[in-house]
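Enquirer:
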Amino acid sequence: MKKLSLGILLCVLVLALSAAVSAQDDGLVSVSAAEAPALDGMSDDAAWADAPVIEIQTRRGANESATTITMQSVYTDDMVYFLVRWEDPTQSYLRSPWEMQPDGTWARLRDPDDQGGDNNLWYEDKLAIIWPINDSIEDFDADGCFTACHRSEAGDPKPFGNKNTESEGQIGDIWHWKSVRNLYQLDDQYLDSTPYSPDTPEAGRHSDPKDGGGYSDNVNEDKTAPAFMPPGDFPRDGSPGFILQSEAVPFDASLFQPGDRIPSIVISEITGDRGNIAAGWVWADGMWTLEFGRALVTGSEFDVQFDDLSAIYRFGIANFDNAQVRHAYEGDPIEFSFQP
């Protein structure tokens, strides 16, 4: 009886592994769902039960962030949804918090090795996906994100460079999840060919237009202390890493003692083009679970449009473990298609 059970178990494992490998070879396939999943990070909706799972192995990255990412996708008449999970032993939410010093002044905690846009100590966990818009990025089919990966130009102070495409007219849609700065959304951005200069410090990376909301630094006019604090009896350790704009109250220094921390970011939901990717997420037991969805067709010039369900789309993906830019990555582009 035990031998039979073991044999059955081994067969099941072999079939499961074979399915995973085949799914990876075939890319990510989105299947039709009768009902949309709830975007709450729980991943327990019936919609995910029949969606193929692919595994994506990322490598390198700061803070030993190489991991295996699993992805699934489903779609409805007008929406497409994704479920992404990956191991991360720590939830990073202390994004350069304010800390009261022994003399009563305040300072934001910094990475002493950060030479410019390269914080790997006091940051947040993130995930980024890039889609070429209208296949405009040359060689993306072969090289994926490497076609626009962290170029360093003369005079650029950032040790890890900036992102931009090679030629004018090459545009990519960036879906950027920021675990501290986002609220029920991914940050919808885009990439173009703008090179680095003192007047364009972000080079080719831009945010989609917005009508309002988003995140901002929690700093007073003199830039010497926080401007806001959470309401009521809140933790003094800097958690959860942000202050809701709807709850922020004026900062009162008399309530604190040396060593106390306050989040350095104030957040609210983004309205407009930049906020059109709804999301929910949970970190538990060393695992991030991220669910997000967007309209198949948005009409925005800065977005990839899934207007042909018979077409093959491609994307690149990267995970960040408490890192500003030094992410782990999958070098090859991943194909994405819709199952009729």
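Heads up, the working numbering is the position in the sequence shown plus 13, with the first residue counted as 1.
A virtual CB, placed ideally from N, CA and C, is assigned to each residue, including glycine.
Because the structure is a prediction, the values reported are computed rather than measured.
(1) Enumerate, from N- to C-terminal direction, the unbroken alpha helix (DSSP H) stretches of 4 or more residues contained entirely within the segment 203-249.
(2) Using only the alpha-carbon positions, how far apart do Ser35 and Val42 sit?
(3) Compare the Cα-Cα distances from Thr359 to each of Asp126, Asp90, Asp200 and Leu96 and report the closest residue.
(4) Measure the beta-carbon distance from Asn332 to Trp99 and round it to whole angstroms, keeping in mind my assumption that it falls under 8 Å.
(5) Answer yes or no: the CB of Gly254 versus the heavy atoms of the ligand MG, is any distance below 7 Å?
(6) Grab me the residues of Leu199's own chain with a C-beta within less than 7 Å of its C-beta, minus the 5 sequence neighbours each way, in chain order.
(7) Does the distance from the C-beta atom of Ile278 to that of Gly226 stay below 8 Å?
(8) Who are the near neighbours of Trp111 in its chain, counting only those whose CB is closer than 6 Å to its CB and skipping five residues on each side?
(9) List the endpoints of the continuous beta strand (DSSP E) containing Asp186.
(10) Mind checking which residues open and close the beta strand (DSSP E) that includes Lys176?
(11) What did DSSP end up calling Phe305 once you bin it into helix, strand or coil?
(12) In chain order, what are the residue ranges of uninterrupted beta strand (DSSP E) at least 3 long that sit wholly in the segment 104-137?
(13) Which residues in the same chain as Pro244 place their Cβ atom closer than 7 Å to its Cβ, once the five residues preceding and following it in sequence are excluded?
(14) Can you check which of these residues, Asp201, Ile330, Pro115 and Leu322, is closest to Arg287 by C-alpha distance?
(15) With distances taken from CA atoms, which of Ser149, Gln114, Arg194 and Gly254 is nearest Pro271?
(16) Measure the beta-carbon distance from Met92 to Ala324 and round it to whole angstroms, keeping in mind my assumption that it falls under 8 Å.
(17) Please return the same chain residues whose Cβ sits closer than 6 Å to the Cβ of Pro353, not counting the five positions on each side in sequence.
(18) What are the start and end residues of the beta strand (DSSP E) that includes Gly293?
(19) Let me make sure I understand the geometry here. Which of Ala60, Ser56 and Ser86 has the alpha-carbon closest to that of Val66?
(20) Would DSSP call Gly147 helix, strand or coil?
(21) How many angstroms separate the CA atom of Ala60 from the CA atom of Gly329?
(22) Give me the Cα-Cα distance between Arg194 and Gly254, rounded to the nearest whole angstrom.
(23) Rounded to whole angstroms, what is the Cα-Cα separation between Trp135 and Arg123?
(24) Could you tell me which residues DSSP puts in a beta bridge with Glu100?
(25) Can you check whether the C-beta of Pro145 is within less than 8 Å of a C-beta belonging to chain D?
(26) Rounded to the nearest angstrom, what separates Val317 and Asp63 at their Cα positions?
(27) In the DSSP assignment, find the unbroken beta strand (DSSP E) run with Arg327 in it and report its ends.
(28) Pick from Ile256, Pro346, Ser252 and Ile280: whose alpha carbon is nearest that of Asp273?
(29) Can you tell me whether DSSP reads Leu322 as helix, strand or coil?
(30) Starting from Tyr88, follow the beta strand (DSSP E) in both directions and report where the run begins and ends.
(31) Go through its chain and collect everything with a Cβ distance to Lys223's Cβ below 7 Å, but skip five positions before and after it.
(32) If you check the beta carbons only, do Phe349 and Asp186 fall under 8 Å apart?
(33) Looking at His340: is its Cβ nearer than 8 Å to the Cβ of Ser109?
Expert: For this structure:
(1) none
(2) The residue you call residue 35 lines up with position 22 of the sequence shown. The residue you call residue 42 lines up with position 29 of the sequence shown. Caution applies to Ser35, whose pLDDT of 34 falls short of 50 and renders its modelled position unreliable; the value that the coordinates give is listed next. In a straight line, the C-alpha of Ser35 is about 11 Å away from that of Val42.
(3) This structure cannot speak to residue 359, because the chain is shown only from 14 to 353.
(4) Mapped onto the sequence shown, residue 332 falls at position 319. Mapped onto the sequence shown, residue 99 falls at position 86. Indeed, because the Cβ distance is near 6 Å, the residues count as touching under 8 Å.
(5) Of the ligands one can find in the structure shown there are none, so the ligand MG has no counterpart to examine.
(6) On the sequence shown, position 186 is the one that residue 199 refers to. The answer, listed in chain order, is Trp188, His189, Trp190, Ile290, Ala292 and Phe305.
(7) What you label residue 278 is simply residue 265 of the sequence shown in a count that begins at 1. What you label residue 226 is simply residue 213 of the sequence shown in a count that begins at 1. No, the pair does not count as a contact, with Cβ atoms beyond the cut-off.
(8) In the sequence shown, the residue the question calls residue 111 occupies position 98. These residues qualify, in order along the chain: Trp119, Arg121, Pro239, Ile275 and Ser277.
(9) Residue numbering aside, residue 186 sits at position 173 when the sequence shown is read from its first letter. Start and end: Gly185 to Lys191.
(10) Counting from one through the sequence shown, the residue named residue 176 turns up at place 163. Note, Lys176: premise wrong, no beta strand (DSSP E); not H, not E.
(11) Residue 305 sits at position 292 when you count from the first residue of the sequence shown. Looking at Phe305 - three-state DSSP - the assignment turns out to be strand.
(12) 111-113 and 119-121
(13) As a position in the sequence shown, residue 244 is number 231, starting the count at 1. The residues are Glu260 and Val262.
(14) Taking the sequence shown and counting its residues from 1, one reaches residue 287 at position 274. Of Asp201, Ile330, Pro115 and Leu322, the residue nearest in Cα terms is Asp201.
(15) In the sequence shown, counting from the first residue as 1, residue 271 sits at position 258. Answer by Cα proximity: Gln114.
(16) For the purposes of this step, residue 92 is taken as residue 79 along the sequence shown, with counting starting at 1. For the purposes of this step, residue 324 is taken as residue 311 along the sequence shown, with counting starting at 1. That pair is no contact at about 17 Å.
(17) For this step, residue 353 is matched to residue 340 along the sequence shown. So no residue of the chain qualifies.
(18) As a working mapping, residue 293 is identified with position 280 in the sequence shown. Counting along the chain, the beta strand (DSSP E) containing Gly293 begins and ends at Ala291 to Ala297.
(19) Within the sequence shown, numbered from 1, the residue matching residue 66 stands at position 53. Out of Ala60, Ser56 and Ser86, Ser86 has the C-alpha closest to the C-alpha of Val66.
(20) Here residue 147 corresponds to residue number 134 of the sequence shown, with the count starting at 1. Reading the sequence as shown, one finds Asn at residue 147 and not Gly. Correct three-state label for Asn147: helix.
(21) In the sequence shown, counting from the first residue as 1, residue 60 sits at position 47. In the sequence shown, counting from the first residue as 1, residue 329 sits at position 316. Looking at the two C-alpha atoms, the distance is approximately 24 Å.
(22) As a first step, residue 194 must be located in the sequence shown, where it is residue number 181. As a first step, residue 254 must be located in the sequence shown, where it is residue number 241. Cα-Cα distance, rounded: 8 Å.
(23) For the purposes of this step, residue 135 is identified with residue 122 of the sequence shown, where counting begins at 1. For the purposes of this step, residue 123 is identified with residue 110 of the sequence shown, where counting begins at 1. Distance between the alpha carbons of Trp135 and Arg123: 6 Å.
(24) The residue labelled residue 100 in the question sits at position 87 within the sequence shown. Glu100 is bridged to Met300.
(25) Absence of chain D from the displayed structure is noted, only one protein chain being present.
(26) For the purposes of this step, residue 317 is identified with residue 304 of the sequence shown, where counting begins at 1. For the purposes of this step, residue 63 is identified with residue 50 of the sequence shown, where counting begins at 1. So the alpha carbons of these two residues sit roughly 25 Å apart.
(27) Residue numbering aside, residue 327 sits at position 314 when the sequence shown is read from its first letter. Segment Tyr326 to Phe333, the beta strand (DSSP E) holding Arg327.
(28) Working through the sequence shown from its first residue, we reach residue 273 at position 260. Considering only alpha carbons, the answer is Ser252.
(29) On the sequence shown, position 309 is the one that residue 322 refers to. The answer is coil: DSSP assigns Leu322 none of H, G, I, E or B.
(30) Counted from its first residue, the sequence shown places residue 88 at position 75. It spans Thr81 to Tyr88 - the beta strand (DSSP E) in which Tyr88 sits, taken as one unbroken run.
(31) As a position in the sequence shown, residue 223 is number 210, starting the count at 1. Hits under 7 Å: Ile283, Thr284, Gly285, Asp286, Arg287 and Gly288.
(32) Residue 349 sits at position 336 when you count from the first residue of the sequence shown. Residue 186 sits at position 173 when you count from the first residue of the sequence shown. The answer is no: Cβ separation not under 8 Å.
(33) Counting from one through the sequence shown, the residue named residue 340 turns up at place 327. Counting from one through the sequence shown, the residue named residue 109 turns up at place 96. The answer is no: Cβ separation not under 8 Å.
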